[in-house]
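Counting with my numbering, you get residues 22 to 465 for the letters of the sequence shown.
Using N, Cα and C, we set each Cβ at its ideal position, and we do this for glycine too.
A short write-up of the structure that comes next.
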Amino acid sequence: MTGPVPQASAVRRREVIDALRRGTVPQAGLDLLAVGLGRFEVALDDDLATASRGGAAFHAIRGDYGSGKTFFARWLAERAKRAGLATAEVQISETETPLHRLETVYRRLTERLTTATHQPSALRAVVDSWFYTLEEEVLDAGEVDEEDEAGLAEAVDALMERRLAEVARTTPAFAAALRGYRRAVAAGDGATAEALIAWLGGQKSVAASARRTAGVRGDLDHFAALGFLQGLLTVLRDCGHPGLLLVLDEIETLQRVRGDVREKGLNALRQLLDEIDAGRFPGLFLVITGTPAFYDGQQGAQRLAPLAQRLATDFTTDPRFDSPRAVQLRLAGFDLPHLGELGRAVRNLYREEARHPDRISERVDDAYIGDLAVAVTGGLGGKVGVAPRVFLRKLVADVLDRVDEFEDFDPRLHYAFTVTSSELTETERNAAAGSADGIELELP
């Protein structure tokens, strides 16, 4: 899909353009920019449907820098939210979110938990919605009068226990914290309620008094994290979100950590995949992203044979015949035609919000966008794969904004593509072959 969809709101268009101007991947509205992803749509929608029905799904996204892994993950997250699922994107890092500490991964998950109606963190909204749903179910059964507060509370507690029975067998603390939260809300004790929601989200340093109120102790640990994830999926399902899309981004950082930490991280990933296969997480759609070096190299997945076997995918055939249902999905990255197509989509999107749309169409025509794509790619050592971020930022901030703002600005006459080292990432600087003082390329 390219170009803006007719029903795109002004707010969505503006959010996308503002993010591109900053040189970042937009948090929403990615369907307005999706180029080359159509071949994945049917298979991924089937996976989302599987998760919605109580199954589970997994994919490993594979691509070099600039191939669009983060874009792909957020595009998929938008599709998941439209299907009713909750989503969370967690960036794996050596210090902030090490993969071998699943309690930290769970904490980041709850911090970034999002639904179609709630921004991060949506945890408290989800829990409140769950209790409301339980109350409605009790009242609909007609066994308790709405005016009987004590009877209603007792019936809701009993229904909660039945829903969490399986979770409580392995992780009783999750159910205990929910009970404590409900009592605190009913008593008007906002501080205790906030503290228990934080504890349910895996936060550390929660007041001991709040934990005692709920009958729980200590902080979440590695082994309880999976149980808490199981409990969260139960709560999500009961309050109208049939599943959760969890994206573990930049998993290739495992290659750069100390050897023993790497082994623990790889084993944690293998454990998570095994639990998914065993049916422990109904409704979970797990996606990881990484570079080819992580999947194929001896410092990555190949270091742990059972994990390598689970991720194994045949890429010896022509990329045109890659199956969108495979465990690993290969992102080919951008070539010049795709870069031009993306540029035209952004130009069309910008034109919808421009003060002078006719000027945008006239001065930033398809031919100029193609010339700019060639110039940016040339300035980055001819490597199209690392060009999209820089290309889109320059197109929006240096060209489209000026054409719209200044009546006499003609990008062919008044603009030469220039990039300085300070505005590039390390990978982009390497591609630019050491042009630290800037590159100027005259556009024809």
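Review point. Looking only at its own chain, which residues have a Cβ that is under 8 Å from the Cβ of Val63, when we skip the five neighbours before and after it?
Key: Numbered from 1 along the sequence shown, position 42 holds the residue referred to as residue 63. Only Pro345 meet the Cβ criterion.
Exercise for review: Can you say whether Glu175 is buried or exposed, counting buried as having 16 or more other CB atoms within 10 angstroms of its CB?
Suggested key: One-based indexing of the sequence shown puts residue 175 at position 154. The residue in question, Glu175, is exposed, as its Cβ has fewer than 16 Cβ neighbours within 10 Å.
**Study point:** Cβ pair count under 8 Å reaching 3, the segment 386-401 against the segment 353-363
**Key:** yes
**Study point:** Beta-carbon proximity list for Glu374, same chain, < 8 Å, skipping 5 on both sides
**Key:** Counted from its first residue, the sequence shown places residue 374 at position 353. If we look at Glu374 and ignore the five residues flanking it on each side, its Cβ neighbours are Ala31, Arg34, Arg35, Ile38.
Practice item. For Gln349, count neighbouring C-beta atoms within 10 Å of its own C-beta (all shown protein chains included) and say buried if the count is 16 or more, exposed if not. Key: Residue numbering aside, residue 349 sits at position 328 when the sequence shown is read from its first letter. Gln349 is buried by the Cβ-count criterion.
Check your understanding: For the ligand MG, any of its heavy atoms closer than 7 Å to the Cβ of Glu175?
Key -> The ligand MG is not part of the structure shown, which contains no ligands of any sort.
**Study point:** Where the alpha helix (DSSP H) containing Phe412 begins and where it ends
**Key:** Numbered from its first residue, the sequence shown carries residue 412 at position 391. Taken as a continuous stretch (DSSP letters only), the alpha helix (DSSP H) holding Phe412 covers 409-414.
Practice item. Mind checking which residues open and close the beta strand (DSSP E) that includes Ala107? Key: Sequence index remark: in the sequence shown, residue 107 carries index 86 (1-based). From DSSP, the beta strand (DSSP E) with Ala107 extends over 107-112.
Check your understanding: Which runs of the beta strand (DSSP E) fall wholly inside the segment 283-357 and span at least 3 residues, in chain order?
Key -> 305-311, 349-351
Exercise for review: Assign Ser456 to one of three DSSP states: helix, strand, or coil.
Suggested key: Numbered from its first residue, the sequence shown carries residue 456 at position 435. Note on Ser456: pLDDT 41, under 50, position unreliable in the model; the coordinate value appears next. Looking at Ser456 - three-state DSSP - the assignment turns out to be coil, as it is neither helix nor strand.
Check your understanding: What is the DSSP secondary structure of Asp419, reduced to helix, strand or coil?
Key -> Along the sequence shown, one-based indexing puts residue 419 at 398. Correct three-state label for Asp419: helix.
Exercise for review: Below 7 Å CB to CB, which residues in the same chain sit around Lys225 once its five sequence neighbours on both sides are set aside?
Suggested key: Here residue 225 is taken as the residue at index 204 of the sequence shown, counted from 1. Excluding residues within five positions, the ones whose Cβ falls inside 7 Å are Asp240.
Point to revise | Ala109 and Thr91 closer than 8 Å at C-beta | key: On the sequence shown, position 88 is the one that residue 109 refers to. On the sequence shown, position 70 is the one that residue 91 refers to. Cβ distance not < 8 Å, so Ala109 and Thr91 don't count as in contact.
Practice item. Compare the Cα-Cα distances from Val237 to each of Leu254, Arg258, Ala49, Gly201 and report the closest residue. Key: Here residue 237 refers to the residue found at position 216 when the sequence shown is read from its first residue. Considering only alpha carbons, the answer is Gly201.
Check your understanding: Do you know offhand how far Tyr86's Cα is from Thr131's?
Key -> Sequence index remark: in the sequence shown, residue 86 carries index 65 (1-based). Sequence index remark: in the sequence shown, residue 131 carries index 110 (1-based). Cα-Cα distance, rounded: 27 Å.
**Study point:** Counted within 10 angstroms of its Cβ, other Cβ atoms place Pro432 as buried (16 or more) or exposed
**Key:** If you number the sequence shown from 1, residue 432 lands on position 411. Pro432 should be labelled buried.
Exercise for review: Would you mind stating whether Leu257 and Ala107 have Cβ atoms separated by less than 8 Å?
Suggested key: Taking the sequence shown and counting its residues from 1, the one referred to as residue 257 is at position 236. Taking the sequence shown and counting its residues from 1, the one referred to as residue 107 is at position 86. Cβ atoms of Leu257 and Ala107: closer than 8 Å.
**Study point:** Option in Lys285, Pro340, Ala299, Asp339 with minimal Cα separation from Ala322
**Key:** What you label residue 322 is simply residue 301 of the sequence shown in a count that begins at 1. For the residues Lys285, Pro340, Ala299, Asp339, the minimum Cα distance to Ala322 belongs to Lys285.
Review point. Does the beta-carbon distance from Cys260 to Val165 come in below 8 Å?
Key: What you label residue 260 is simply residue 239 of the sequence shown in a count that begins at 1. What you label residue 165 is simply residue 144 of the sequence shown in a count that begins at 1. Their beta carbons are not under 8 Å apart, which means Cys260 does not touch Val165 by this criterion.
Review point. Below 8 Å between beta carbons: does that hold for Pro263 and Ser73?
Key: Along the sequence shown, read from residue 1 onward, the residue named residue 263 stands at position 242. Along the sequence shown, read from residue 1 onward, the residue named residue 73 stands at position 52. Yes. Within cutoff.
Point to revise | Candidates Leu217, Arg301, Ala231: closest to Leu250 by CA position | key: As a working note, residue 250 is residue 229 in the sequence shown. Checked all of Leu217, Arg301, Ala231; the closest Cα to Leu250 is Arg301.
Review point. Rounded C-beta distance between Ala81 and Leu332? I'm assuming under 8 Å.
Key: Here the question's residue 81 lines up with position 60 in the sequence shown. Here the question's residue 332 lines up with position 311 in the sequence shown. Confirmed, Cβ separation roughly 6 Å.
**Study point:** Classification of Gly59 by the beta-carbon crowding that lies within 10 angstroms, buried from 16 upward
**Key:** Your numbering for residue 59 matches position 38 in the sequence shown. Classification of Gly59: exposed, given that the 10 Å Cβ count is below 16.
Review point. Applying the criterion that 16 or more other CB atoms from any shown protein chain within 10 Å of the CB defines a buried residue, is Thr255 buried or exposed?
Key: The residue given as residue 255 occupies position 234 in the sequence shown. Buried, by the Cβ-count rule.
Check your understanding: Should Arg190 be labelled buried (16 or more other beta-carbon atoms within 10 Å of its own) or exposed?
Key -> For the purposes of this step, residue 190 is taken as the residue at position 169 of the sequence shown. Arg190 comes out exposed.
**Study point:** Delimiting residues of the beta strand (DSSP E) encompassing Val268
**Key:** By one-based count along the sequence shown, residue 268 stands at place 247. Counting along the chain, the beta strand (DSSP E) containing Val268 begins and ends at 265-270.
Review point. Any idea what DSSP makes of Arg129, helix, strand or coil?
Key: To locate residue 129, count along the sequence shown from 1; it is residue 108. In the structure shown, Arg129 sits in a helix (DSSP, three-state: H, G or I).
Review point. CA-CA distance, Asp317 and Arg122?
Key: Residue mapping note: residue 317 aligns to position 296 of the sequence shown, counting from 1. Residue mapping note: residue 122 aligns to position 101 of the sequence shown, counting from 1. Roughly 24 Å between the two C-alpha positions.
Practice item. Label Ala40 either buried or exposed according to how many other C-beta atoms from any shown protein chain fall within 10 Å of its C-beta, with 16 as the threshold for buried. Key: Residue mapping note: residue 40 aligns to position 19 of the sequence shown, counting from 1. Looking at its Cβ environment, which holds 16 or more other Cβ atoms inside 10 Å, Ala40 is buried.
Review point. What number of angstroms, rounded off, separates the C-alpha of Lys102 from the C-alpha of Arg204?
Key: One-based indexing of the sequence shown puts residue 102 at position 81. One-based indexing of the sequence shown puts residue 204 at position 183. In a straight line, the C-alpha of Lys102 is about 31 Å away from that of Arg204.
**Study point:** Distance, Asp281 Cα to Gln292 Cα
**Key:** Residue 292 sits at position 271 when you count from the first residue of the sequence shown. Residue 281 sits at position 260 when you count from the first residue of the sequence shown. Distance between the alpha carbons of Gln292 and Asp281: 16 Å.
Check your understanding: Could you give the distance in angstroms between the alpha-carbon of Gly84 and the alpha-carbon of Thr312?
Key -> The residue given as residue 84 occupies position 63 in the sequence shown. The residue given as residue 312 occupies position 291 in the sequence shown. Cα to Cα, the separation comes out at about 5 Å.
Review point. Alpha carbon to alpha carbon, how far is Val206 from Arg128?
Key: In the sequence shown, the residue the question calls residue 206 occupies position 185. In the sequence shown, the residue the question calls residue 128 occupies position 107. About 23 Å.
Point to revise | As assigned by DSSP and simplified to three states, the class of Thr154 | key: Looking up residue 154 in the sequence shown gives position 133. DSSP places Thr154 in helix when its eight states are reduced to three.
Check your understanding: So, Leu287 versus Leu328, is the Cβ gap smaller than 8 Å?
Key -> Here residue 287 refers to the residue found at position 266 when the sequence shown is read from its first residue. Here residue 328 refers to the residue found at position 307 when the sequence shown is read from its first residue. Contact: yes.
Check your understanding: When the Cα of Gly57 is compared with those of Leu352, Leu421, Ala396, which residue comes out closest?
Key -> Within the sequence shown, residue 57 is the residue found at index 36, counting from 1. Checking every option, the nearest Cα to that of Gly57 belongs to Leu352.
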